[in-house]
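**Q**
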Amino acid sequence: RIRKPQLIMASARPPRSVSAHYSRAPEPHRSTMLEMRRRILRIIPEAGEVISYGMPAFQVDGEIVAGMLAAKKHVGYYPFSGSTLSGLRGELARYSTTKSAIHVPPDAPISSTVLRKLIRARRSEISREGWESLGLAAPACRALRGYGMHNLHDLTKRREPEIASLHGIGKNAMVILRAAMKPIVGE
2 RIRKPQLIMA SARPPRSVSA HYSRAPEPHR STMLEMRRRI LRIIPEAGEV
52 ISYGMPAFQV DGEIVAGMLA AKKHVGYYPF SGSTLSGLRG ELARYSTTKS
102 AIHVPPDAPI SSTVLRKLIR ARRSEISREG WESLGLAAPA CRALRGYGMH
152 NLHDLTKRRE PEIASLHGIG KNAMVILRAA MKPIVGE
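Quick note, the sequence shown lines up with residues 2 to 188 if you use the working numbering.
(1) Rounded to the nearest angstrom, what separates G49 and N173 at their Cα positions?
(2) Please state the DSSP three-state secondary structure of M175.
(3) Considering Cα atoms alone, identify which of L178, R159, M56 and M37 is closest to A21.
(4) Please list the terminal residues of the continuous beta strand (DSSP E) segment that includes S53.
(5) Could you tell me if Y79 is buried or exposed, where buried requires 16 or more neighbouring beta carbons within 10 angstroms of its beta carbon?
(6) Might you give, ordered along the chain, the residues of its own chain that have their beta carbon closer than 6 Å to the beta carbon of L145, omitting 5 neighbours on each side?
(7) Looking at C-beta atoms only, is the number of pairs between the stretch 110-121 and the stretch 135-143 that lie closer than 8 Å three or more?
(8) Could you please give the first and the last residue of the uninterrupted alpha helix (DSSP H) stretch that includes I120?
(9) State the Cα-Cα distance for the pair G171 and A165, rounded to the nearest angstrom.
(10) Which class does M150 belong to by DSSP, given the choice of helix, strand or coil?
(11) So, under 8 Å CB-CB, G147 and D155 are touching, yes? Tell me the CB distance rounded to an integer number of Å.
(12) So, at 7 Å on beta carbons, what are the nonlocal neighbours of P179 in its own chain, with the 5 sequence-adjacent residues on each side left out?
(13) Below 8 Å on the Cβ atoms is my contact criterion, and I expect L86 with S101 to pass it. Report the Cβ-Cβ distance as a whole number of Å.
(14) Could you tell me which whole beta strand (DSSP E) segments of length 3 or greater appear in the stretch 71-114?
(15) Along the beta strand (DSSP E) that carries A165, what are the first and last residues, could you check?
(16) Would you list the residues sitting across from V61 in a DSSP beta bridge?
(17) With distances taken between CB atoms, is the gap from V51 to R124 smaller than 8 Å?
The following block contains the structure:
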């Protein structure tokens, strides 16, 4: 029988199985992980806390969007995707990274701003409906995919006039795309 993840509020204690992972982490790792947990739950208060791949993780609509684990010299932040981090190289320049992990100093949690961008990027990758989920019309969706843009982070690599000039992208599409990009680019 599959158990649904417990939905909790940011101020609540984590589920017992998750709490056990935090309690085993040494200081200052534990404090950093708990602060990142608090920030993540402020960004996605609807997230359930689960254990996935042996680490505390955050699940939204059945998909893991973030996880973290204490290591000897850092706290690992995992977006559960090998492509999420590549779109955020500038924001992650101060961290050591691998293709699918950020090595966070044990006494310096990732900022809420960067966590928001990481989570937004991951959620855009796992969106079941892709561009259609934003309310874009079929011609705009085809145009974006045809030019190799499959998620919001692909858009960050292009300038607005370039996107607006694509055949199939009209004024309404640009209004929708600007609104969707606002949390990512920080406007």
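Quick reminder that beta carbons are idealized off the backbone N, C-alpha and C, glycines included.
**A** So, to answer that:
(1) 34 Å
(2) helix
(3) M56
(4) G49 to S53
(5) buried
(6) W132
(7) no
(8) S113 to I127
(9) 7 Å
(10) coil
(11) Actually they do not touch by this definition, with Cβ atoms about 12 Å apart.
(12) It should be pointed out that residue 179 corresponds to Arg in this sequence rather than to Pro. So the list is empty, once near-sequence residues are dropped.
(13) 7 Å
(14) 76-79 and 103-105
(15) Here A165 belongs to no beta strand (DSSP E); instead the alpha helix (DSSP H) covers E161 to A165.
(16) E64
(17) no
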